[in-house]
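Read through the structure below, which is laid out as structure tokens, and then see the notes.
Chains as they are written, first to last, in this note's numbering: chain A, 80 to 465; chain B, 80 to 465.
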């Protein structure tokens, strides 16, 4: 590297600095979040002209909890208690208005909400972090869905080595919940990094992971959907109406098996979903016995309340018997103790117990949260295709 | 779709609504941005407890310009003048603190800064929008870079039809500027959608587009880089130090040509870059004559100021002569009239004019902005490989 190039580079930087505004320069001196040695975390926000700043963090207990930040000088500050190793979302509320942490580039989107993100390091959060291991490829793929009469988008993870080899791989179909989209298992679920890390550690088999958009009325995540002349509001009556479930079997799986090097027997096909996606998973697997040997239902149970419609227990029993006979290698159920669907999960387990249908059950602290769904993915992925 | 499934879906929604907070419910009634029929735009923010809200928008003239929003009741409001069809960034400043528009899911990241985004529709902005046309695949790909001694990430766009065919494609290497990363040409540059739309309209040939990370010291965009024990601050002395430029030729191109179905003669290879990437493009093409028949330099000119190092005009002249003899089909230069590098671009043009080296020049209003770089991409892509 010669002198000219270095000085030229510095000259470009000098020129570019013209376009940085004063706030950005102030921000550059502010470290936030700072993860301290004892795993407390210090948050800081430069906002000299506001009268209050409050902090929301996903580690806080209780719905809607926020804490006051204090301003010893010009920078609002708050230090947490010791936090367990985990991925957390947080945001500042400046005089009540939600603000991302301008000092932190890490951010997650949950539906239409953006929040800042940090990972407190430790054993439990280690698989969520980007490590210097071989990485798979994450692709945003559009595919035709005749069932839903549109072109739709999904994310496809191919494991490290896929592009360099000729071998065929098992496929894991991973479904999101209500309010989510095809991006959710990547951004909030950290699926590509969890798989990279589990595969690198020899804990999970290399596999393709397919993350669909479970909203039957839409083509892609908000903002990524083709513009239309007419308005296209969400049609929640189609949430679990059977259209998306049909499209997984008739559109998605054939597309994946045509375009990727896949193993296509049931022992090399897995499906799991959370909440609404757990409902989708049940519908798909109950009505397609022999399609998947590995099934995961997260934070979703038995929807048999008579108020909700014409649930037919006898039909359900028959379905599960046929499913069992088709040869299920693993039926995984995960639920948080504080999940608002905990009772429905208890009912599903009792229903399976009464039938003698075997499943693995994982119960965790906490509620209907991505913290739990990441834990279930981390638990489930190593059990697949073995 | 049976009654049970519909009512079940509604039940799930009812349960989920528990987890939506009150602010979110208030926000749901607020439309922002609203693009009015005459292409004025109305912005709204619910923030009853703050004393001032100002709006910044990329359509505003003058550095650091903001306008006051007004609060007729509980919602802060501002309506712009008529805006030209274009993609715009904007943000609210709540008592001085920067806030994304909570009613708008569209958002862009520029380095570590996030801003809300909208597209005012019209002919000029039509290629930036997501339309219901065949879409290419966008992949986040990790590749080994022996030159830079790390695994690094790039984005690869494969055009519609690539996965269904067996044909080979030309490749366009597209380089970002200082402060950017491998995500910039996608998020700010709208490259996948511009290519989808140009290809669908028959204006551009189907091509593979490779968007690298031009920061030689890093592996991937901020937040996507492997964690390290030691700190890994940006090393700006490596901005145009030759390392990245070498890695494009020695690492990136061979990887792409090995892993994708590519046409590998120079007439099927193009390269372009903006600002720092325009410098990279010049260095790469000046020192690798016969490698690319199509070359684009955006918002970057001649860096021959003696203060910046040992520029050798004679050597440069020789390089351009050899480059010309190697057979360049298109050398495109784009610059904004108000670009702070306008003079350097004028000097580069004069240098080429004096040598009789032919180029196409596009001059636009405005400065060193993504608005201009999108225009140049939109102009350049249809000229490639023809």
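Backbone N, C-alpha and C fix where the C-beta goes; we use that ideal spot for every residue, glycine too. Here the structure is a predicted model, which means the values were calculated and not measured.
- According to DSSP, residue pairing for residue 146 of chain B in a beta bridge involves B:134.
- Comparing alpha carbon positions, the residue from A:117, A:184, A:360, A:406 closest to residue 304 of chain B is A:184.
- In terms of Cβ geometry, residue 356 of chain A and residue 227 of chain A do not form a close pair [threshold 9 Å].
- Identification of chain A residues near residue 154 of chain B by a Cβ-Cβ cut-off of 8 Å yields none; the smallest Cβ-Cβ distance measures about 12 Å.
- Contiguous alpha helix (DSSP H) elements confined to the stretch 202-286 of chain B occur at 263-266, 270-279, taking only those with 4 or more residues.
- In the three-state DSSP reduction, residue 199 of chain B falls in the strand class (E or B).
- Counting C-beta atoms within 10 angstroms of its own C-beta, residue 171 of chain A has 16 or more neighbours from the protein chains shown and is therefore classed as buried.
- Among the residues facing chain B, residue 192 of chain A is included, as its CB has a counterpart in that chain under 9 Å away.
- In the DSSP assignment, residue 122 of chain A is bridged to A:157.
- With at least 16 other beta carbons inside 10 angstroms of its own, residue 194 of chain B counts as buried.
- Short of 6 Å from the beta carbon of residue 358 of chain A, and not among the five residues preceding or following it, lie these beta carbons of its own chain, in chain order: 319, 379.
- Taking C-beta atoms as the reference points, residue 188 of chain A and residue 262 of chain A count as a pair closer than 9 Å.
- Residue 440 of chain A carries a strand assignment under DSSP once its states are collapsed to helix, strand and coil.
- Of all residues in the stretch 236-254 of chain A, only 242 place a beta-carbon less than 7 Å from a beta-carbon of chain B.
- Under the three-state reduction of DSSP, residue 294 of chain A is assigned to coil, being neither helix nor strand.
- When the beta-carbon positions are compared, residue 232 of chain B and residue 300 of chain B come within less than 9 Å of each other.
- A direct Cα-Cα distance of roughly 48 Å separates residue 180 of chain B from residue 368 of chain B.
- Judged by pairs of C-beta atoms under 8 Å, the stretch 416-426 of chain A touches the stretch 438-453 of chain A, as three or more such pairs exist.
- At least 9 Å separates the beta-carbon of residue 197 of chain A from that of residue 271 of chain A.
- With distances taken between CA atoms, residue 399 of chain B lies nearest to B:361 out of B:128, B:375, B:361, B:383.
- Residue 305 of chain B has a beta carbon lying within less than 9 Å of a beta carbon in chain A.
- In the DSSP annotation of this structure, residue 315 of chain B is not part of any alpha helix (DSSP H), being labelled neither H nor E.
- Contact of residue 451 of chain B with chain A is not assigned, every C-beta pair being separated by 9 Å or more.
- Per DSSP, residue 412 of chain A is one residue of the beta strand (DSSP E) stretching across 409-415.
- One alpha carbon belongs to residue 160 of chain B, the other to residue 307 of chain B, and they sit about 49 Å apart.
- Proximity of residue 138 of chain A to chain B, defined by a Cβ-Cβ separation below 9 Å, is not satisfied.
- Against chain B, the beta carbon of residue 218 of chain A has neighbours under 8 Å at 216, 217, 218, 219, listed in chain order.
- For residue 462 of chain B, same chain residues with a beta-carbon under 6 Å away, outside a window of 5 residues either side, are 409 in chain order.
- Contacts with chain A at 9 Å (Cβ-Cβ) do not include residue 112 of chain B.
- Your pair residue 363 of chain B and residue 289 of chain B does not check out as a contact, with CB atoms roughly 13 Å apart and the cut at 8 Å.
- Membership of residue 350 of chain B in the beta strand (DSSP E) is indicated by the continuous run 348-353.
- In this structure, the CA atom of residue 135 of chain A is about 33 Å from the CA atom of residue 138 of chain B.
- Shortest Cα-Cα distance from residue 229 of chain A to any of A:348, A:265, A:191, A:297 involves A:297.
- A residue is called buried when at least 16 other Cβ atoms come within 10 angstroms of its Cβ; residue 240 of chain A does not meet this threshold and is exposed.
- The C-beta distance from residue 220 of chain B to residue 174 of chain B rounds to 43 Å, too long to fall under 8 Å, and the pair is not in contact.
- With a beta-carbon spacing of about 18 Å, residue 402 of chain B and residue 377 of chain B fall beyond the 8 Å limit used to define contacts.
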